[in-house]
Amino acid sequence: MERMNVFVVGAGVVGLSTAIRALEAGYNVTIFAEIFPGDPKSIKYTSCWAGADHISVVTSSTFMHELERETMQAFLHLIEVDPLVPVMLRPHVELTQAAGPDIKKKYDHLSQFYSDFRSLRQSELPEGVVAGVMFPTIHVDVPRYLPYLMNRFLHAGGQAFRMTIPSLSSLIARNDRPVLEAFPLSAGSPPSSDPAAVINCTGLGALSLGDVLDTDVYPTRGETLLIRAPWVHHGMTYYCQNSDVSYIIPRQSGDVILGGTWQIDDWHPISRPETVKSIKERGIHAYPELLPPNKRENPDINDLDVVEECVGLRTTRKGGIRLETTSIDIGGKEFPIIHNYGHGGAGYQSSWGSAKRAIELLQASLER
Ligand SMILES: Cc1cc2nc3c(=O)[nH]c(=O)nc-3n(C[C@H](O)[C@H](O)[C@H](O)COP(=O)(O)OP(=O)(O)OC[C@H]3O[C@@H](n4cnc5c(N)ncnc54)[C@H](O)[C@@H]3O)c2cc1C
Numbered sequence: 000m001e002r003m004n005v006f007v008v009g010a011g012v013v014g015l016s017t018a019i020r021a022l023e024a025g026y027n028v029t030i031f032a033e034i035f036p037g038d039p040k041s042i043k044y045t046s047c048w049a050g051a052d053h054i055s056v057v058t059s060s061t062f063m064h065e066l067e068r069e070t071m072q073a074f075l076h077l078i079e080v081d082p083l084v085p086v087m088l089r090p091h092v093e094l095t096q097a098a099g100p101d102i103k104k105k106y107d108h109l110s111q112f113y114s115d116f117r118s119l120r121q122s123e124l125p126e127g128v129v130a131g132v133m134f135p136t137i138h139v140d141v142p143r144y145l146p147y148l149m150n151r152f153l154h155a156g157g158q159a160f161r162m163t164i165p166s167l168s169s170l171i172a173r174n175d176r177p178v179l180e181a182f183p184l185s186a187g188s189p190p191s192s193d194p195a196a197v198i199n200c201t202g203l204g205a206l207s208l209g210d211v212l213d214t215d216v217y218p219t220r221g222e223t224l225l226i227r228a229p230w231v232h233h234g235m236t237y238y239c240q241n242s243d244v245s246y247i248i249p250r251q252s253g254d255v256i257l258g259g260t261w262q263i264d265d266w267h268p269i270s271r272p273e274t275v276k277s278i279k280e281r282g283i284h285a286y287p288e289l290l291p292p293n294k295r296e297n298p299d300i301n302d303l304d305v306v307e308e309c310v311g312l313r314t315t316r317k318g319g320i321r322l323e324t325t326s327i328d329i330g331g332k333e334f335p336i337i338h339n340y341g342h343g344g345a346g347y348q349s350s351w352g353s354a355k356r357a358i359e360l361l362q363a364s365l366e367r
């Protein structure tokens with residue numbers, strides 16, 4: 000039987016994970032996107048700016064926790080079957096200067112979510128810290144993981160084409176799709192026949208994509224620093240008394256992401272000098288070991304080896320992730336559209352779970 004064509008719009012972590020699952024489910028899958036892994040970093044491509052770790056969100060949404068659990072299982076499976084996968088299971092420490100009810104709620108949630116969770120003993124807490132916990136979790140080496148997903152998709156037979164799409168209907172019911180460039184390794188032209196369905200994984204793009212125009216979508220700006228510190232092998236989140244949060248996520252390369260900010264509806268695409276200074280100061284206070292060993296006695300922000308100042312826009316959405324089916328009528332024919340966007344600050348840790356749900360929606364819409 001001929002495989003059905005499915006188009007995926009978007010090549011961030013959500014689009015790539017979803018496209019891989021669609022291939023595995025037996026569809027003929029083509030990705031269309033403006034930006035792909037390996038392109039110069041862009042403010043329009045959130046996935047390249049993430050930390051990224053897996054720290055379950057404190058929310059009353061059991062649905063979100065299911066997605067996170069399924070994604071955790073998928074990451075652990077990847078590590079088991081492929082020792083070279085750029086995903087690591089590593090210790091993560093959470094420290095707080097102010098143990099209020101929010102922190103208690105968070106620690107209670109984390110203790111139920113992660114196995115081998117333990118509270119730190121008083122003797123293990125650094126000065127000024129009143130409580131702390133430790134558990135193993137996932138760190139994704141983002142600059143290596145996105146090309147890994149892309150290669151996996153192409154080697155499994157997927158096709159990918161660069162294209163900026165004004166509206167979803169512009170992609171359907173036409174055989175002259177104005178492709179700008181075939182992604183390297185992806186041979187041939189896009190399928191000339193119509194797709195059976197389209198999966199929309201456009202992140203913040205959903206705000207301006209015709210046929211979608213989702214005004215619930217907004218950015219949550221995250222400014223971070225990439226620091227060279229190959230001696231750091233665990234992650235950390237540090238809650239300050241004034242509710243600022245610092246975090247570190249080490250990569251396989253020896254670089255470490257030091258964050259950060261959480262700025263709602265702020266589109267500013269480049270770093271702000273005062274924020275850079277604040278992230279550095281908070282960072283070396285929370286974890287002086289970010290500095291080279293011979294510079295820790297008198298910590299000075301100028302001794303941090305800063306590789307890059309980074310700004311990314313988390314793909315946030317009022318009401319959370321949009322995982323649902325709609326349709327577009329073109330010439331009297333209904334085309335199912337599966338939406339999978341709006342993952343906010345949790346797109347990596349919910350990627351495989353939401354991909355699985357998107358494929359379930361796809362299958363259900365094509366069986367009707
Ligand atoms: C500082 C920071 C730290 C983060 N840390 C974490 C973390 O620790 N853990 C975690 O799980 N998550 C983290 N995140 C969140 C995570 O990065 C996002 O949730 C995730 O990357 C969203 O992926 P996406 O594929 O939906 O969107 P994107 O990566 O933005 O991809 C969107 C894709 O759609 C394409 N597109 C959009 N519109 C169009 C159009 N009209 N035509 C063609 N193509 C289009 C784009 O070109 C792109 O390919 C962090 C984010 C930031 C900024």
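Under numbering that gives the first Met the number 0, the residues of the sequence shown are numbered 0 to 367, in order. All residues carry an ideal CB built from backbone N, CA and C; glycine is no exception. Because the structure is a prediction, the values reported are computed rather than measured.
Using only alpha-carbon positions, find the residue among the options that is nearest to residue i.
| i | options | result |
| --- | --- | --- |
| A21 | E366, R356, Y113 | R356 |
| T17 | Y237, L257, C200, S59 | C200 |
| F74 | E65, F62, L88 | L88 |
| S169 | L153, G209, V13 | G209 |
| I358 | V8, I19, R2 | I19 |
| L257 | T223, K276, K40, I269 | T223 |
| L252 | P142, V80, L365, L15 | Contrary to the premise, residue 252 reads as Ser rather than Leu in this sequence. The shortest Cα separation from S252 among P142, V80, L365, L15 belongs to P142. |
| P291 | P189, T315, Q362, V231 | V231 |
| R117 | P125, Y106, G127 | Y106 |
| V216 | Y340, S350, F35 | Y340 |
| A24 | A155, S192, A130 | A155 |
| P165 | G221, H342, V8 | V8 |
Indicate, with yes or no, if ligand 1 has a heavy atom lying under 7 angstroms from the CB of residue i.
| i | result |
| --- | --- |
| I198 | no |
| T325 | no |
| Y347 | yes |
| R295 | no |
| W230 | no |
| T58 | no |
| K43 | yes |
| V409 | Because the chain here runs from 0 to 367, residue 409 falls outside it and cannot be looked at. |
| F6 | no |
| T95 | no |
| T163 | yes |
| T214 | no |
| F31 | yes |
| S46 | yes |
| I19 | no |
| Y340 | yes |
| A159 | no |
| A10 | yes |
So the alpha helix (DSSP H) residue i belongs to, where does it begin and stop?
| i | result |
| --- | --- |
| L77 | 61-80 |
| S110 | 100-112 |
| R120 | Note, R120: premise wrong, no alpha helix (DSSP H); not H, not E. |
| L360 | 350-366 |
With residue i as the anchor, note down where its beta strand (DSSP E) starts and where it stops.
| i | result |
| --- | --- |
| F6 | 4-8 |
| Y147 | Run containing Y147: none in the beta strand (DSSP E); it sits in the alpha helix (DSSP H), 141-154. |
| I337 | 332-340 |
| L88 | 86-95 |
| R316 | 305-316 |
| N199 | 196-199 |
| G221 | 216-227 |
| R271 | Careful: R271 lies outside any beta strand (DSSP E) and carries neither H nor E. |
Could you give the DSSP three-state label for residue i: helix, strand or coil?
| i | result |
| --- | --- |
| R281 | helix |
| L322 | strand |
| D52 | strand |
| G14 | helix |
| S166 | strand |
| N27 | strand |
| L22 | helix |
| G258 | strand |
| D302 | helix |
State the Cα-Cα distance for the pair residue i and residue j, rounded to the nearest angstrom.
| i | j | result |
| --- | --- | --- |
| V28 | L153 | 10 angstroms |
| I150 | Y26 | Correcting the residue type first, residue 150 is Asn in the shown sequence and not Ile. Taking the straight line joining both Cα atoms gives about 18 angstroms. |
| F62 | P249 | 29 angstroms |
| H91 | S55 | 12 angstroms |
| G157 | A10 | 12 angstroms |
| T260 | L203 | 18 angstroms |
| S110 | E69 | 17 angstroms |
| L15 | G127 | 43 angstroms |
| A345 | L322 | 14 angstroms |
| A32 | T314 | 16 angstroms |
| A49 | S349 | 13 angstroms |
| L77 | G331 | 43 angstroms |
Sorry if obvious, but does the Cβ on residue i come closer than 7 angstroms to a heavy atom of ligand 2?
| i | result |
| --- | --- |
| L66 | Here the bound small molecules are ligand 1; ligand 2 is not part of this structure. |
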